[in-house]
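Q: My structure is below; once you've seen it, I'll send some questions.
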Amino acid sequence: MEILERRAAVTGIGQSEIGRRLGRDPLELTLDSCLAAIEDAGLERKDIDGVSTYPGNLTAAPGFSGAGVIEVQDALRLKLNWYTGGPELPGQLGSVINACMAVACGLATHVLCFRSVFESSAQQRGVIPKGRAGSGYRADGFMAWTLPFGAASAANWIAMVAQRHFHEFGTTREQLAQIALNARKNAGRNPKAIYRDPMTIEDYFAARMITTPFCLYDCDVPVDGSTAIIVSRLDAARELRRKPLRVEAVGSAIHGRPSWDQWDDLTTMALRDAGPMLWSRTDMRPADVDVAELYDGFSFIAMAWLEALGFCGKGESGAYVEGGKRIALDGELPLNTNGGQLSAGRLHGYGFLHEACVQLWGEGGERQVPGSPEVAVAAAGGGPLGGCMLLTRL
Amino acid sequence: MTEKPFRILPRVTPQNEHFWKGGADGELRFLRCQACKHYIHPPSPLCPECLGKNLAVETVSGRAHVLSYTVNHQPWIPGVPLPYTIAIVEIIEQKGLRLMTNIVDCEPDAVQIGMPVCVRFEQAGDVYLPLFAPETA
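In structure tokens form, the structure reads like this:
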């Protein structure tokens, strides 16, 4: 079986302004990141013949989707041979995995992938708009099983997974804190990060509780911003501005029930299946990874990805991150080198892939992982969403 | 008990009505496959085990145990008294027969994984929310 994703490469990246309550048109932010990525790849917009995005143009949750394929195609007058956008994917990076397959199969040559959010501006009036309270609004779909019990946020749902992990494996808040502390330390070296002031374990324990065992610093920070990634067919990538980053393997599996609460093993999530699938498609091993960018929408999710990707055994992520040295910039497995979503901002999955590319291209500046990293893993999603990618320098 | 907390209610459909309204009779009800006896939740047009379509609503004991929980302190929904305990409980009749709920009549500090709990219903509009309290309460 040919591992088709190896015909794909990342050739350019771009990011808009990122900030709290920017109040800018989310389509404008999206176009900023898209044009930056196209230029970064050394391409022009006429070269883009594919577009892929997550979650498409959804309006259900405030600020969750800054733009869909249609707005971007029309704004840039792109001539497309292939496109897709939607929420039913193996996590946010599922849209990039789709792009890899499109170029591998010859449906497109250069695919523009993007993810935009404006949650910081849109959530100023709360996650559940006040107008809904008492107005006859009724919860549908999955939310019908959670909202009536006040379980309004993924924070609540993931907190119960963390709590079960604590119960079965003796994981502690001190261990969980290392994900947040490490992110903040790295954010201090990233000029685009939202929260850069040093944070201590005392600060962590002094923070207000959101939903046990998660305090404020276990939850990512909503922002406005957009990230774009260019995926090119490898044979069309070699003449471009940058050295292409080859996609070595992807993971997109989900074998359990696609649900936050009906998942069979409540100490883990869909990522449990996506991680092993990635390793089944390459001869590389976790020990070959030089830098890991793992989704931390909530701190615990990064720990769950560490287990799912085999950096440690099941239930062992607490001990793995203990003390924080191993996951530090100069540690055995540098983790979330830009500050992750916890401190750099919730760019919702794409930020991790963007940072993996920055590190492999050696452009991390003050936060550059020493030793010229050659292999990076980027992983995104929690709950029933999970997708991951292994990238290598050619 | 203090004043009833504000609740965002589920949309009642022909498919889920047995679940949300069984509390009117003090009963916790699920769809059950009549061929292989598998309880199905959330409701589905066919049995996920044997693909049988002969499904009927049946009443369970209402006894369960806590699989996991979280004490929520964040005011996601305006007007809801804080904190409150959210849990995933497993109904004793079948491994994996679970639902999200609130643990009531129990201090948040006292909730534990594995704790036996029992259903009690809170009427809210036209639905009866299945909440769970410690079996000893």
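Protein sequences, first through last, are from chains A and B.
For our numbering, count along the first sequence from 1 and bump the result up by 6.
For our numbering, count along the second sequence from 1 and bump the result up by 38.
Just so it is clear, CB atoms sit at the ideal spot from N, CA and C, and this is done for glycine as well.
For clarity, every value in this text was computed on a predicted model and none was experimentally measured.
1) Could you check the C-alpha separation between L105 (chain B) and G69 (chain A) for me, to the nearest Å?
2) 8 Å is my cut-off, CB to CB: does L137 (chain B) come that close to chain A?
3) Could you check which residue in B:H103, B:N140, B:Y77 has the C-alpha nearest to that of L93 (chain B)?
4) Can you check DSSP and say which residues form a bridge with L66 (chain B)?
5) Listing by chain order, which chain A residues have their CB less than 8 Å from the CB of Q112 (chain B)?
6) Let me check understanding here. Comparing Cα to Cα, which of A:I236, A:K191, A:R214 lies closest to V16 (chain A)?
7) In this structure, how does DSSP classify Q161 (chain B) when only helix, strand and coil are distinguished?
8) So is M7 (chain A) buried or exposed if we call it buried at 16+ other beta carbons inside 10 Å?
9) Starting from F124 (chain A), follow its DSSP beta bridges and name the residues at the other end.
10) Taking 8 Å as the CB-CB limit, is P390 (chain A) close to chain B?
11) Within this structure, are the beta carbons of A386 (chain A) and Y301 (chain A) separated by less than 8 Å?
12) Mind listing the chain B neighbours of R278 (chain A)? Cutoff is C-beta to C-beta under 7 Å, in chain order.
13) In the DSSP output, which residue or residues are listed as bridge partners for N110 (chain B)?
14) Going along the chain, which residues of its own chain have a beta-carbon closer than 6 Å to the beta-carbon of L28 (chain A), five neighbours each way excluded?
15) By DSSP, does V237 (chain A) sit in helix, in strand, or in coil?
16) Can at least three beta-carbon pairs, one atom from the stretch 170 to 177 of chain A and one from the stretch 286 to 295 of chain A, be found at a separation below 8 Å?
17) Alpha carbon to alpha carbon, how far is S22 (chain A) from A199 (chain A)?
18) Please tell me whether H173 (chain A) has its Cβ less than 8 Å away from any Cβ of chain B.
19) Is the shortest distance between the beta-carbon of R70 (chain B) and the beta-carbons of chain A less than 8 Å?
20) Could you give the C-beta distance for F170 (chain B) and V127 (chain B), rounded to a whole number, given that I count them as a contact under 8 Å?
21) So what does DSSP say about F304 (chain A), is it helix, strand or coil?
22) Since R6 (chain A) and R244 (chain A) are thought to touch, with beta carbons under 8 Å apart, how far apart are those beta carbons, to the nearest angstrom?
23) Comparing C-alpha positions only, which one of B:Y107, B:C88, B:R70, B:K133 sits nearest to Q150 (chain B)?
24) Work out the CA separation of L167 (chain B) and Q161 (chain B) for me, nearest whole Å.
25) 8 Å is my cut-off, CB to CB: does P68 (chain A) come that close to chain B?
26) Could one say the Cβ of T40 (chain B) lies closer than 8 Å to chain A's Cβ atoms, at least one of them?
27) Are there any heavy atoms of the ligand FAD lying less than 7 Å away from the beta-carbon of G319 (chain A), as far as the coordinates show?
28) Where does P172 (chain B) sit, in a helix, a strand or coil, going by DSSP?
29) For Q112 (chain B), count the other beta carbons within 10 Å of its own beta carbon; 16 or more makes it buried, fewer makes it exposed. Which is it?
30) Tell whether a beta-carbon distance below 8 Å holds between R51 (chain A) and L84 (chain A).
31) Mind pulling the chain A residues with CB within less than 8 Å of S106 (chain B)?
32) Beta carbons nearer than 7 Å to chain B: which residues of the stretch 246 to 260 of chain A have them?
33) For R4 (chain B) and chain A, any beta-carbon pair shorter than 8 Å?
34) Have a look at the DSSP bridge pairing and note the partners of V57 (chain A).
35) In chain order, which beta strand (DSSP E) runs of at least 3 residues are fully inside the stretch 235 to 318 of chain A?
36) I want to see whether chain A comes within less than 8 Å of L93 (chain B), judged by CB atoms only; does it?
A: A quick look at the data gives this:
1) Start at 1 with the first residue of the second sequence, and residue 105 (chain B) comes out as number 67. Start at 1 with the first residue of the first sequence, and residue 69 (chain A) comes out as number 63. Cα to Cα, L105 (chain B) sits roughly 33 Å from G69 (chain A).
2) By 1-based counting over the second sequence, the position of residue 137 (chain B) is 99. Chain A, which has a Cβ nearer than 8 Å to the Cβ of L137 (chain B), makes this yes.
3) For the purposes of this step, residue 93 (chain B) is identified with residue 55 of the second sequence, where counting begins at 1. Nearest option by C-alpha distance: B:Y77.
4) By 1-based counting over the second sequence, the position of residue 66 (chain B) is 28. Looking at the DSSP assignment, L66 (chain B) forms a beta bridge with B:V98.
5) Mapped onto the second sequence, residue 112 (chain B) falls at position 74. Within chain A, the residues near Q112 (chain B) are S159, A161, I216, T217.
6) Mapped onto the first sequence, residue 16 (chain A) falls at position 10. Closest option to V16 (chain A), Cα to Cα, is A:I236.
7) To locate residue 161 (chain B), count along the second sequence from 1; it is residue 123. Q161 (chain B) falls in the strand class under three-state DSSP.
8) Residue 7 (chain A) sits at position 1 when you count from the first residue of the first sequence. It is exposed - the Cβ of M7 (chain A) has fewer than 16 other Cβ atoms within 10 Å.
9) Taking the first sequence and counting its residues from 1, the one referred to as residue 124 (chain A) is at position 118. According to DSSP, F124 (chain A) bridges with A:D230.
10) For this step, residue 390 (chain A) is matched to residue 384 along the first sequence. Not an interface residue.
11) Counting from one through the first sequence, the residue named residue 386 (chain A) turns up at place 380. Counting from one through the first sequence, the residue named residue 301 (chain A) turns up at place 295. The answer is yes: Cβ separation under 8 Å.
12) Numbered from 1 along the first sequence, position 272 holds the residue referred to as residue 278 (chain A). Going along chain B, no residue has its Cβ under 7 Å from R278 (chain A), so there is no contact; the nearest lies around 16 Å.
13) Taking the first residue of the second sequence as position 1, residue 110 (chain B) is located at position 72. Looking at the DSSP output, N110 (chain B) bridges to A:T217, B:Y122.
14) Indexing the first sequence from 1 puts residue 28 (chain A) at position 22. Result list for L28 (chain A): D230, in chain order.
15) Taking the first residue of the first sequence as position 1, residue 237 (chain A) is located at position 231. DSSP places V237 (chain A) in strand when its eight states are reduced to three.
16) no
17) Your numbering for residue 22 (chain A) matches position 16 in the first sequence. Your numbering for residue 199 (chain A) matches position 193 in the first sequence. Straight-line Cα distance between these residues: approximately 13 Å.
18) Here residue 173 (chain A) is taken as the residue at index 167 of the first sequence, counted from 1. Answer yes: the Cβ-Cβ gap between H173 (chain A) and chain B drops below 8 Å somewhere.
19) As a first step, residue 70 (chain B) is located in the second sequence; it is residue number 32 there, counting from the start. Judged by the 8 Å Cβ criterion, R70 (chain B) is not in contact with chain A.
20) Reading the second sequence from its first residue, position 132 is the one you call residue 170 (chain B). Reading the second sequence from its first residue, position 89 is the one you call residue 127 (chain B). About 5 Å separates the two Cβ atoms, so the contact holds.
21) Here residue 304 (chain A) refers to the residue found at position 298 when the first sequence is read from its first residue. If DSSP states are grouped into helix, strand and coil, F304 (chain A) belongs with the strands.
22) An answer regarding residue 6 (chain A) cannot be provided, because it is not within the stretch 7 to 400 covered by chain A.
23) Taking the second sequence and counting its residues from 1, one reaches residue 150 (chain B) at position 112. The shortest Cα separation from Q150 (chain B) among B:Y107, B:C88, B:R70, B:K133 belongs to B:Y107.
24) On the second sequence, position 123 is the one that residue 161 (chain B) refers to. On the second sequence, position 129 is the one that residue 167 (chain B) refers to. The straight-line gap from Cα to Cα measures roughly 6 Å.
25) Along the first sequence, read from residue 1 onward, the residue named residue 68 (chain A) stands at position 62. Answer no: the Cβ-Cβ gap between P68 (chain A) and chain B never drops below 8 Å.
26) If you number the second sequence from 1, residue 40 (chain B) lands on position 2. The predicted position of T40 (chain B) is uncertain, since its pLDDT is 44 and thus under 50; no value can be drawn from it.
27) Here there are no bound small molecules, and the ligand FAD is not part of this structure.
28) Along the second sequence, read from residue 1 onward, the residue named residue 172 (chain B) stands at position 134. DSSP places P172 (chain B) in strand when its eight states are reduced to three.
29) The count along the second sequence starts at 1 and reaches residue 112 (chain B) at position 74. That one is buried.
30) As a first step, residue 51 (chain A) is located in the first sequence; it is residue number 45 there, counting from the start. As a first step, residue 84 (chain A) is located in the first sequence; it is residue number 78 there, counting from the start. Yes, Cβ-Cβ distance for R51 (chain A) and L84 (chain A) is below 8 Å.
31) One-based indexing of the second sequence puts residue 106 (chain B) at position 68. Within 8 Å of the CB of S106 (chain B), the CB atoms of chain A belong to M166, V167, Q169, R170, H173, L272, in sequence order along the chain.
32) none
33) An answer regarding residue 4 (chain B) cannot be provided, because it is not within the stretch 39 to 175 covered by chain B.
34) Sequence index remark: in the first sequence, residue 57 (chain A) carries index 51 (1-based). According to DSSP, which records beta bridges pairwise, V57 (chain A) is partnered with A:Y89, A:L118.
35) Within the stretch 235 to 318 of chain A, the complete beta strand (DSSP E) segments at least 3 residues long are 251 to 257, 297 to 300, listed from N- to C-terminus.
36) Reading the second sequence from its first residue, position 55 is the one you call residue 93 (chain B). With 8 Å as the cut-off, L93 (chain B) does not count as an interface residue toward chain A.
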